[in-house]
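Visitor:
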Amino acid sequence: MGLLEKPFSALKSRAWLILLALLVLGWGLGGLLARLVASRLSRPILELASSAERVAGGELQVELPVASQDEVGHLTDAFNRMTFALKERDEELQSLNRQLEKKVEERTAQLEEKSLQLIRAQEELLRSEKLAAIGSLAAGVAHEINNPAAIIRGNVEILLMELGPETPGREEAEEILKQTERVSLITQNMLAFAREQAIHAEEVQINDLLEEEILEQIGHQVTLGSVHMIRQLDPELPVIEGDRERLRQVFTNMVVNALQAMEGEGTLTVSTEVSKETVVVGVRDTGPGIPEDVRHKIFNPFFTTKQTGTGLGLSVSYGIVKALKGSIEVQSEKGNGALFRVCLPVRS
Ligand code: ADP
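So the number in the working numbering is just where the residue sits in the sequence shown, counting from 1, plus 347.
1. Over what stretch of residues does the beta strand (DSSP E) that includes Pro692 continue unbroken?
2. Tell me the DSSP secondary structure of Gln526 in three-state form.
3. Buried or exposed: where does Ile587 fall if 16 or more other Cβ atoms within 10 Å of its Cβ makes it buried?
4. With a threshold of 7 Å (Cβ to nearest heavy atom), would Val641 be considered close to the ligand ADP?
5. Going straight from the alpha carbon of Val603 to that of Ser442, what length do you get?
6. For Cys690, which residues in the same chain have their Cβ closer than 7 Å to its Cβ, ignoring the five residues on either side in sequence?
7. Give a yes or no on whether the minimum CB-CB distance between Thr570 and chain C is below 8 Å.
8. Would you say the beta carbon of Asn600 comes nearer than 7 Å to a heavy atom of the ligand ADP?
9. Is Asn494 a contact residue of the ligand ADP, with contact defined as CB to any heavy atom under 7 Å?
10. What residues in its chain sit with their C-beta under 8 Å from that of Leu388, if we drop five residues either side in the sequence?
11. What do you get for Leu584, buried or exposed, if any count of 16 or more other CB atoms within 10 angstroms of its CB means buried?
12. Do you know offhand how far Ala489's Cα is from Leu472's?
13. Quick test of the definition: if touching needs 3 or more C-beta pairs under 8 Å, does the region 550 to 569 touch the region 523 to 538?
14. Among residues of its own chain, excluding the 5 on either side of Glu550, which ones have a beta-carbon nearer than 7 Å to its beta-carbon?
15. So if DSSP puts Ile587 in a beta bridge, which residue, or which two residues, is it bridged to?
16. If you run the structure through DSSP and keep just helix, strand and coil, what is Glu352?
17. Can you tell me the Cα-Cα spacing of Ser360 and Leu383, whole angstroms?
18. If you run the structure through DSSP and keep just helix, strand and coil, what is Ile675?
19. Going by C-alpha to C-alpha distance, which of Arg591, Ala497, Val641 sits closest to Glu528?
20. Between Asn683 and the ligand ADP, is there a pair consisting of the residue's CB and a ligand heavy atom that are separated by less than 7 Å?
21. When DSSP builds the beta bridges, which residues end up paired with Gln579?
22. Within this structure, are the beta carbons of Ala608 and Val630 separated by less than 8 Å?
23. For the alpha helix (DSSP H) holding Gly629, just list the boundary residues, first then last.
24. Helix, strand or coil for Val574? Go by DSSP, reduced to three states.
25. Shorter than 7 Å, the distance from the beta carbon of Leu637 to the closest heavy atom of the ligand ADP, or not?
26. Express the C-alpha separation of Gly682 and Gly611 in angstroms, rounding to a whole number.
27. Determine the closest residue to Ala425 out of Gln408, Gly405, Leu395, Glu448, with distance taken between C-alpha atoms.
28. Can Leu659 and Asp632 be called in contact, C-beta distance under 8 Å?
29. So Leu510 and Asn600 are supposed to be a Cβ contact under 8 Å. How far apart are they, rounded?
30. Spatial neighbours of Glu680 within its chain, please: CB distance less than 7 Å, with the 5 preceding and 5 following residues excluded, ordered by chain position.
31. Have a look at the DSSP bridge pairing and note the partners of Glu612.
32. Just checking, does the region 633 to 652 make contact with the region 445 to 461 on the three C-beta pairs under 8 Å criterion?
33. Is there at least one non-hydrogen atom of the ligand ADP closer than 7 Å to the beta-carbon of Thr652?
34. Under the rule that 16 or more other beta-carbon atoms within 10 Å means buried, what is Val617, buried or exposed?
35. So Ile667 packs on Gln596, CB below 8 Å; how close in whole Å?
36. Measure from the alpha carbon of Gln552 to the alpha carbon of each residue in Glu518, Ile577, Thr619, Gly572, then state which is nearest.
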């Protein structure tokens, strides 16, 4: 063409270079923009994902800020509502659970109380049946023993009258008399126990009964030694409907037992108080107490831990107090004395 080719080829290669530079710049800018957009989009989603993990782990106090009105914003809002609903459901469940636990506890306590009542009723029934059976047997035995014992006693008394004070054999005869007296006491107790506890209803002032007929007289029956006696008698105690003679028997037996347990040393506290329509008499000692394995047997007829005991005192007392529509309780620990509480209704 008669023109030089060099300037054209230089122009061409410059144009190529510019194009290449533009391409590289465009690619770089495009990548940067894409990264920016992607990171704006993915950050809230990643946040949502980590919050969802926390909720799945049991943390329900999660609330995310709704930063936009786009799809991510909707998603965040839906997520917040879902965690709120979950939280409410969880609280509801917990409160239901607590109510259920409370109900279960109440029912368990009621059930325990009922089974305790049932056990007590069974024990009472068993005791009554046992008492009735033993009662009729005891009455028969006592009756049979009474006659020969009375004959032995009568003969020994005659023998003693004839024997001089220093005569050989007198001591033995006296011992026979002592033992036959003990046999008579046992048979009397057996008969008392076997007898239907017929009550002679009359007005009884328990404080007077305790003071005049038991505490003042008790020294004739048991050696008091250095026992300290405390009376805590309620002066406002109402007169009750009872049987003076039978109640004297009950409290005498309790006081004698307490004094025997203390073996001449300790404190005997006799108390009276009124609670609602019930008079409560307490006999407390500071003796050795009643071991747990013995405690449930002490009201059984013929149960005794004493060498010369009959084991009838408390079973007879139990029958009398029951006939008066009252109850006897015992509290004791080994080595810590014993407390007998007799509850008697003012109107039986
Ligand atoms: P007894 O006195 O003839 O043994 P009870 O029926 O009166 O018969 O008593 C039964 C048993 O109860 C006694 O042998 C004794 O083991 C126990 N007991 C009663 N009262 C007491 C007491 N205050 N302290 C310790 N044990 C007692």
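Glycine included, every Cβ here is placed at the ideal spot set by N, Cα and C.
Owing to the predicted nature of the structure, the values given are computational and were not obtained by experimental measurement.
Guide: The short version:
1. Translated into positions along the sequence shown, residue 692 becomes position 345. Its beta strand (DSSP E) spans residues 685 to 692.
2. Position 179 of the sequence shown holds residue 526. Assigned with DSSP and collapsed to three states, Gln526 falls in helix.
3. Here residue 587 corresponds to residue number 240 of the sequence shown, with the count starting at 1. Its Cβ being crowded by 16 or more others within 10 Å, Ile587 is buried.
4. Here residue 641 refers to the residue found at position 294 of the sequence shown. Val641 Cβ: within cutoff of the ligand ADP.
5. Looking up residue 603 in the sequence shown gives position 256. Looking up residue 442 in the sequence shown gives position 95. Going by the C-alpha atoms only, they are around 59 Å apart.
6. Residue 690 sits at position 343 when you count from the first residue of the sequence shown. Hits under 7 Å: Thr625, Val627, Gly673, Ser674.
7. No chain C appears in the structure shown, which is made up of a single protein chain.
8. Here residue 600 refers to the residue found at position 253 when the sequence shown is read from its first residue. Correct: Asn600 has its Cβ closer than 7 Å to the ligand ADP.
9. For the purposes of this step, residue 494 is taken as the residue at position 147 of the sequence shown. In this structure, the ligand ADP has no non-hydrogen atom nearer than 7 Å to the beta-carbon of Asn494.
10. For the purposes of this step, residue 388 is taken as residue 41 along the sequence shown, with counting starting at 1. The residues are Val419.
11. The sequence position of residue 584 within the sequence shown is 237, counting from 1. Flag for Leu584 reads buried.
12. As a working note, residue 489 is residue 142 in the sequence shown. As a working note, residue 472 is residue 125 in the sequence shown. If you take the alpha carbons of Ala489 and Leu472, they lie about 25 Å apart.
13. In this structure the region 550 to 569 does not lie against the region 523 to 538, because fewer than three pairs of beta carbons, one per stretch, are closer than 8 Å.
14. Within the sequence shown, residue 550 is the residue found at index 203, counting from 1. Correct list, in chain order: Val586, Glu588.
15. In the sequence shown, counting from the first residue as 1, residue 587 sits at position 240. Per DSSP, Val551.
16. To locate residue 352, count along the sequence shown from 1; it is residue 5. Coil at Glu352, not helix or strand.
17. Locating residue 360 in the sequence shown gives position 13, where the first residue counts as 1. Locating residue 383 in the sequence shown gives position 36, where the first residue counts as 1. Computed Cα separation, rounded: 34 Å.
18. Looking up residue 675 in the sequence shown gives position 328. Strand at Ile675.
19. One-based indexing of the sequence shown puts residue 528 at position 181. Glu528 has its Cα closest to that of Ala497, out of Arg591, Ala497, Val641.
20. Translated into positions along the sequence shown, residue 683 becomes position 336. Asn683 Cβ: outside cutoff for every heavy atom of the ligand ADP.
21. Here the question's residue 579 lines up with position 232 in the sequence shown. Answer is Ser618, bridged to Gln579.
22. Within the sequence shown, numbered from 1, the residue matching residue 608 stands at position 261. Within the sequence shown, numbered from 1, the residue matching residue 630 stands at position 283. No, these two residues do not count as a Cβ contact at 8 Å.
23. As a first step, residue 629 must be located in the sequence shown, where it is residue number 282. Unbroken run through Gly629 is the beta strand (DSSP E), 625 to 632; no alpha helix (DSSP H).
24. As a first step, residue 574 is located in the sequence shown; it is residue number 227 there, counting from the start. Strand.
25. Locating residue 637 in the sequence shown gives position 290, where the first residue counts as 1. A small correction: the amino acid at residue 637 is Ile; Leu does not occupy that position in the sequence shown. Yes, the ligand ADP has a heavy atom inside 7 Å of this Cβ.
26. As a first step, residue 611 is located in the sequence shown; it is residue number 264 there, counting from the start. As a first step, residue 682 is located in the sequence shown; it is residue number 335 there, counting from the start. If you take the alpha carbons of Gly611 and Gly682, they lie about 16 Å apart.
27. Here residue 425 refers to the residue found at position 78 of the sequence shown. It is Leu395 whose Cα lies nearest to the Cα of Ala425.
28. The count along the sequence shown starts at 1 and reaches residue 659 at position 312. The count along the sequence shown starts at 1 and reaches residue 632 at position 285. No. Outside cutoff.
29. Taking the sequence shown and counting its residues from 1, one reaches residue 510 at position 163. Taking the sequence shown and counting its residues from 1, one reaches residue 600 at position 253. 36 Å between Cβ atoms; not a contact.
30. Here the question's residue 680 lines up with position 333 in the sequence shown. Taken in chain order, the residues that qualify are Gly636.
31. Residue 612 sits at position 265 when you count from the first residue of the sequence shown. Among the bridge pairs identified by DSSP, Glu612 is matched with Ser573.
32. no
33. Locating residue 652 in the sequence shown gives position 305, where the first residue counts as 1. Under cutoff, so the answer is yes.
34. For the purposes of this step, residue 617 is taken as residue 270 along the sequence shown, with counting starting at 1. Per the 10 Å Cβ criterion, buried.
35. By 1-based counting over the sequence shown, the position of residue 667 is 320. By 1-based counting over the sequence shown, the position of residue 596 is 249. Yes, they are in contact, since the Cβ atoms of Ile667 and Gln596 sit about 7 Å apart, within 8 Å.
36. On the sequence shown, residue 552 is found 205 positions in, with the first residue counted as 1. Selected option, being the one with the closest Cα: Thr619.
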